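Undergrad: Those protein sequences? They're chains F and P, same order as listed.
Take the first sequence: its letters are residues 1 to 110, numbered as in the working numbering.
Take the second sequence: its letters are residues 1001 to 1110, numbered as in the working numbering.
Beta carbons: idealized from backbone N, C-alpha and C, even for Gly.
All values reported here derive from a predicted model rather than from experimental measurement.
2 protein chains.
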Amino acid sequence: MGASKTEHFSQRQNTIAQLAKALAHPARVAIIDYLLGVDACICSDIVNELPLAQPTVSQHLKELKTAGLIKGSIEGNAICYCINTDVVEILQNYFAQITQKINLKKTTCC
Amino acid sequence: MGASKTEHFSQRQNTIAQLAKALAHPARVAIIDYLLGVDACICSDIVNELPLAQPTVSQHLKELKTAGLIKGSIEGNAICYCINTDVVEILQNYFAQITQKINLKKTTCC
DNA sequence: TTTATATATTGCAATATTACGATATGCGAT
DNA sequence: ATCGCATATCGTAATATTGCAATATATAAA
């Protein structure tokens, strides 16, 4: 196979999985790191920052953009990428909820 | 290729990516959901809960376990799986940090 | 217009993931 | 010991991901 049976799961579960997948590669985590660290939302020195060839970086950026984690806008002949706050919030809420449920439970098992 | 160049990234970045990858499939998100919802850390009715064959579920459980997100302990002839609080916390902190950095910045761009 | 720079796309090879049938393993009950 | 249940592992097919060279595109600068 190789294809996930997404149709059998809830939309929420698929959304979380898709966002998680977008962060499931260290290069993409590194891109997010970089965008958080840069003051002005300066564009793709990202290519220079990462130990990967330009087409590979471009591909990773595309995946982050498709997932909605980052936005990109054309700025002259360069492109300005930056984090999409709203979508990051979805993930933050997800983990906050998990933690809350864990704390509510406290039935130590395993 | 197909293999990530993990050696070029920081340990932290690789850790986050690995944990994210563990959640990068709706079935695994569903497993976490289930474990959070069940009171007693009851074992693998998980197979009955999911629309996947038993070997497939077993494989997903293994991935969650390898990533450290869940723990499993033998309980008679069944196995008791439950969430590993400590590791979930890593992800929660990660997103909390991101959100904090975003809020500190507030230089609206894009 | 030519040239340089920034980014995206294409095509392909290597590898990883997903899914499951068949089969093994391990334990409790009979 | 034998049976049945719960899990795991193996083997394999279908598909997805990763990475990059080559190439295309698009804008800015000369």
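What separation, rounded to the nearest whole angstrom, lies between the Cα atoms of F/Ala19 and F/Ala53?
TA: As a first step, residue 19 of chain F is located in the first sequence; it is residue number 19 there, counting from the start. As a first step, residue 53 of chain F is located in the first sequence; it is residue number 53 there, counting from the start. A quick correction: the sequence has Leu, not Ala, at residue 19 of chain F. For F/Leu19 and F/Ala53, the distance between alpha carbons rounds to 24 Å.
Undergrad: Do F/Val29 and P/Ala1017 have their C-beta atoms within less than 8 Å of each other?
TA: Locating residue 29 of chain F in the first sequence gives position 29, counting from the first residue. Locating residue 1017 of chain P in the second sequence gives position 17, counting from the first residue. For F/Val29 and P/Ala1017, yes; Cβs fall inside 8 Å.
Undergrad: Taking the alpha-carbon of P/Leu1061 as reference, which of P/Ser1044, P/Ala1040, P/Glu1075 has the nearest alpha-carbon?
TA: Working through the second sequence from its first residue, we reach residue 1061 of chain P at position 61. Nearest option by C-alpha distance: P/Ser1044.
Undergrad: Do you know whose CA, among F/Thr85, F/Cys110, F/Leu104, lies nearest P/Ala1078's CA?
TA: Working through the second sequence from its first residue, we reach residue 1078 of chain P at position 78. That would be F/Cys110, whose Cα lies nearest to the Cα of P/Ala1078.
Undergrad: For P/Tyr1034, which residues of its own chain have a beta-carbon under 7 Å away from its beta-carbon, when the five flanking residues on both sides are left out?
TA: Taking the first residue of the second sequence as position 1, residue 1034 of chain P is located at position 34. So the qualifying residues of the chain are Ile1046, Glu1049.
Undergrad: Enumerate in chain order the residues of its own chain whose CB-to-CB distance from F/Thr6 is below 7 Å, with the five nearest sequence positions on each side excluded.
TA: The sequence position of residue 6 of chain F within the first sequence is 6, counting from 1. Here the set comprises Asn14.
Undergrad: Using a C-beta to C-beta distance shorter than 7 Å, which residues of chain F count as neighbours of P/Ala1030?
TA: Working through the second sequence from its first residue, we reach residue 1030 of chain P at position 30. Correct list: Phe9, Gln13.
Undergrad: Taking 8 Å as the CB-CB limit, is F/Val47 close to chain P?
TA: Indexing the first sequence from 1 puts residue 47 of chain F at position 47. Chain P, which has no Cβ nearer than 8 Å to the Cβ of F/Val47, makes this no.
Undergrad: Would you say P/Cys1041 lies against chain F (beta-carbon separation less than 8 Å)?
TA: As a working mapping, residue 1041 of chain P is identified with position 41 in the second sequence. It does: the Cβ of P/Cys1041 has a partner Cβ on chain F nearer than 8 Å.
Undergrad: Quick check on the burial criterion: 16 or more other C-beta atoms within 10 angstroms. Buried or exposed for P/Pro1026?
TA: The residue labelled residue 1026 of chain P in the question sits at position 26 within the second sequence. P/Pro1026 should be labelled buried.
Undergrad: In terms of DSSP beta bridges, what is P/Lys1071 paired with?
TA: Start at 1 with the first residue of the second sequence, and residue 1071 of chain P comes out as number 71. Its beta-bridge partners are P/Cys1082.
Undergrad: Using only alpha-carbon positions, find the residue among P/Ala1096, P/Thr1085, P/Asn1093, P/Tyr1094 that is nearest to F/Leu104.
TA: For the purposes of this step, residue 104 of chain F is taken as residue 104 along the first sequence, with counting starting at 1. Cα-wise, what sits closest to F/Leu104 is P/Thr1085.
Undergrad: Which one of P/Ile1070, P/Gly1072, P/Cys1080, P/Ile1031 has the shortest CA to CA distance from F/Gly9?
TA: The sequence position of residue 9 of chain F within the first sequence is 9, counting from 1. For the record, residue 9 of chain F in the displayed sequence is Phe; it is not Gly. The candidate whose alpha carbon is nearest that of F/Phe9 is P/Ile1031.
Undergrad: Between which two residues does the alpha helix (DSSP H) harbouring F/Lys21 extend?
TA: Translated into positions along the first sequence, residue 21 of chain F becomes position 21. First-last of the alpha helix (DSSP H) with F/Lys21: 11 to 22.
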